[in-house]
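S.K.: Here it is, the structure in full.
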Amino acid sequence: MDSCPRLPWELFECFLEELGSQELNSAVREALANCALVCHIFHFKASGYLFSDIVVTKIGAETSEHARTAKRLKDLHHIFTANETLAPRVRSFSIATSVGPVEPRVGRTLILGNQHLPRILTALTALHHFGWSNYRLAFPWDALSDSIRIALRTVFGRPTLRSLALECMDNVPPADIACCTGLTHLRLMHVDPPPNLDTPSEVPVLRLESLTEYNSPRMVNALLGGAAPLVELRALSVWMRHDEQVAAAWALMQRVAPTLEELNIPELSHFRYPTLIPGPVDLGVLARLRTLSLGCRLTTLDRVIFPLGVAGLLREPKSPTRLEHLALRLDWVDCTVGSEEARFLREPGWGALDDALARREVYPALREVGLTLRMGYGWVEDADGRPPGGVVRMKEKVQRLAEGLLAKVAASGAVKVSVNLFLYKSIYASEMSQI
């Protein structure tokens, strides 16, 4: 007689559901793979979790890497062919490539004319997210084979599709994206429509909840043309690096002003242009804005220690805001030893920001300000790849300086100010900045 206790089947299902809800790291993948070997039912359930999120990555830009990507697509197609129940259970599919506008014919054919990709895409009948990121200069949409373009339109037209991300592509027909009628999250980075495109007379109905627009204003205008408010949009992420991007971002902000709750500007102009930022931008019109994130990357050649646009953007609202959380991320990529006091103690930009945020009549709801400060130095690691001991002492010194920032805001007692400091080895830092 078998004396081993038998657990209820419902408990086994709970185990699988718990594994499937975890982030798919190597340990979880191994556990799910082991479960798939137990029996047919376990195989069906575990394989669905294993293949629910597929990412076809890239390693380099060489033709050999195109061949490896093509092999991954071929293998994936064969897996779907041998297991017909897998593809309909895929919820997220992303592909990363590195195809440039001028590419050897073999490399372009391996990716842009791949015969397996359209078959994979048409099999993904219940997709929630699709992404294609190209990590070189943009390739033209019409360089894709006819079968791939048809398959992409099929994917975009899926009623289940909720999220779409495209990066580095030219001549993309807005009508192809506009057929994503169920889309709620859209991310476009360096994506342009055809140069001779006329704005369509009928605006596609895209009821977006979040939009990321990085250097793709013409495509966004083509998709969301007109001046009507975007009443569903809650989160917006834009670049504001030069005057055209500032104008495009401000136009979007005005359209989402009644509903926008989160605004992210990861690339903010930091040059001393007196009229660029804030320029026309007035955060006071964003009636429901709760969270604002700003980011800037600075080099010595910029001759700017603190981005004046930050204080300018926050100093100028014409009416009180409901902002509760402010996150500021600054990355100085080529610091030199000895510049720390000038960066924090003697830089007037910090005082301007402190004065702006301390005005409770303008920021009555502000509760938290988080500073993430990244400082890149040049140093020589030891034989074990560890930084020199002076780095620890340097960080302690810089931490003391940074903790004195925004003193007026912190003294109010109503706002929590936190500082996260990171010192890292930077490839941009001069060898003269050895620690």
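The sequence shown lines up with residues 370 to 804 when you count with my numbering.
Beta carbons are placed, not taken as given, at the ideal position from N, Cα and C, and that holds for glycine.
#1: Which residues share a DSSP beta bridge with H498?
#2: Measure how close the beta-carbons of L621 and E582 come, nearest whole angstrom, since I'm counting them as under 8 Å.
#3: Please identify the residue among H498, R556 and T466 whose C-alpha is closest to the C-alpha of N483.
#4: Using 8 Å as the threshold, is the C-beta distance between L790 and E710 below it?
#5: From F525, D422 and P562, pick the residue whose C-alpha is nearest to that of C537; which is it?
#6: Check for me: the alpha helix (DSSP H) holding P635 runs from which residue to which?
#7: Using DSSP's beta-bridge definition, name the partner residues of M558.
#8: Taking the alpha-carbon positions, what's the A331 to H694 distance?
#9: By how many angstroms is the C-alpha of H611 removed from the C-alpha of G650?
#10: If I'm right that A656 touches A626 with Cβ under 8 Å, what's the distance once you round it to whole angstroms?
#11: Terminal residues of the continuous alpha helix (DSSP H) containing A711?
#12: Could you give the DSSP three-state label for L566: helix, strand or coil?
#13: Determine the direct distance from the alpha carbon of D422 to that of E630, and round the result to whole angstroms.
#14: Just to confirm my understanding: we take M558, look at its own chain, exclude 5 residues before and 5 after, and list those with CB closer than 6 Å. What are they?
#15: Let me check understanding here. Comparing Cα to Cα, which of T553, P586 and G653 lies closest to R576?
#16: When DSSP labels each residue in this structure, what does S802 get in the three-state scheme?
#17: Going by C-alpha distance, which of A721, S433 and R672 is nearest C704?
M.R.: This is what the structure gives:
#1: Locating residue 498 in the sequence shown gives position 129, where the first residue counts as 1. Answer by DSSP bridge pairing, in chain order: S461 and S532.
#2: Within the sequence shown, numbered from 1, the residue matching residue 621 stands at position 252. Within the sequence shown, numbered from 1, the residue matching residue 582 stands at position 213. At roughly 7 Å, the Cβ-Cβ gap stays under 8 Å, so L621 and E582 are in contact.
#3: Against the sequence shown, residue 483 aligns to sequence position 114. Among H498, R556 and T466, the Cα nearest to that of N483 is on T466.
#4: For the purposes of this step, residue 790 is taken as the residue at position 421 of the sequence shown. For the purposes of this step, residue 710 is taken as the residue at position 341 of the sequence shown. No.
#5: Within the sequence shown, the letter at position 168 stands for residue 537. C537 has its Cα closest to that of P562, out of F525, D422 and P562.
#6: By one-based count along the sequence shown, residue 635 stands at place 266. Unbroken run through P635 is the beta strand (DSSP E), E631 to L637; no alpha helix (DSSP H).
#7: Here residue 558 refers to the residue found at position 189 when the sequence shown is read from its first residue. Per DSSP, E536 and Y583.
#8: Nothing in the structure corresponds to residue 331, since the chain is present only between 370 and 804.
#9: Taking the sequence shown and counting its residues from 1, the one referred to as residue 650 is at position 281. Taking the sequence shown and counting its residues from 1, the one referred to as residue 611 is at position 242. Checking the sequence shown, residue 650 turns out to be Val, not Gly. The alpha-carbon atoms of V650 and H611 are separated by roughly 13 Å.
#10: If you number the sequence shown from 1, residue 656 lands on position 287. If you number the sequence shown from 1, residue 626 lands on position 257. Indeed, because the Cβ distance is near 6 Å, the residues count as touching under 8 Å.
#11: The count along the sequence shown starts at 1 and reaches residue 711 at position 342. Secondary structure note for A711: its alpha helix (DSSP H) is the uninterrupted segment E709 to F713.
#12: Translated into positions along the sequence shown, residue 566 becomes position 197. L566: coil per DSSP, three-state reduction.
#13: Within the sequence shown, numbered from 1, the residue matching residue 630 stands at position 261. Within the sequence shown, numbered from 1, the residue matching residue 422 stands at position 53. Taking the straight line joining both Cα atoms gives about 29 Å.
#14: The count along the sequence shown starts at 1 and reaches residue 558 at position 189. Contacts found: E536 and Y583.
#15: Mapped onto the sequence shown, residue 576 falls at position 207. Comparing Cα-Cα distances from R576 to each of T553, P586 and G653, the minimum goes to T553.
#16: Residue numbering aside, residue 802 sits at position 433 when the sequence shown is read from its first letter. Because the pLDDT of S802 is 45, which lies under 50, any placement of that residue in the model is unreliable, and the question is left without a value.
#17: Stepping through the sequence shown from its first residue, residue 704 is reached at position 335. Among A721, S433 and R672, the Cα nearest to that of C704 belongs to R672.
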